[in-house]
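Chemist: Residue numbers (the UniProt record's numbering): 1 to 99.
Backbone N, C-alpha and C define an ideal beta-carbon position, used for all residues, glycine too.
Here you go, one structure.
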């Protein structure tokens, strides 16, 4: 099994989670936090990220009647962050030349 969420989710499921995370990151202000990463689980970022992934799991279950693999929530959460920062398109863009 690869790490690409499109291997686990159909297009509607993938778009649902990505759009859910983009919307909720904006709504909660997570997208605009200016704090160092702590990786200890106690920062505002860590607490919000955990809560949003738990909420997404509930919303996904209510919408599709099943759970997505746990890694799909993490991957799409971070992809939404990149989208909000305007970095996703540059990561997925084709090279400008073949040199």
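Grouping DSSP H, G and I as helix and E and B as strand, with all else coil, what is residue 22?
Modeler: DSSP places residue 22 in helix when its eight states are reduced to three.
Chemist: Contact defined as beta carbons within less than 8 Å: I believe residue 9 pairs with residue 68. What is the distance between those atoms, to the nearest angstrom?
Modeler: At roughly 6 Å, the Cβ-Cβ gap stays under 8 Å, so residue 9 and residue 68 are in contact.
Chemist: Going straight from the alpha carbon of residue 24 to that of residue 52, what length do you get?
Modeler: Approximately 7 Å between the Cα atoms of the pair.
Chemist: Is it buried or exposed for residue 42, if we count other Cβ within 10 angstroms and need 16 for buried?
Modeler: Flag for residue 42 reads exposed.
Chemist: At which residue ranges does the stretch 37-93 contain complete beta strand (DSSP E) runs of 3 or more residues, listed in the order of the chain?
Modeler: Counting only runs of 3 or more, we get nothing.
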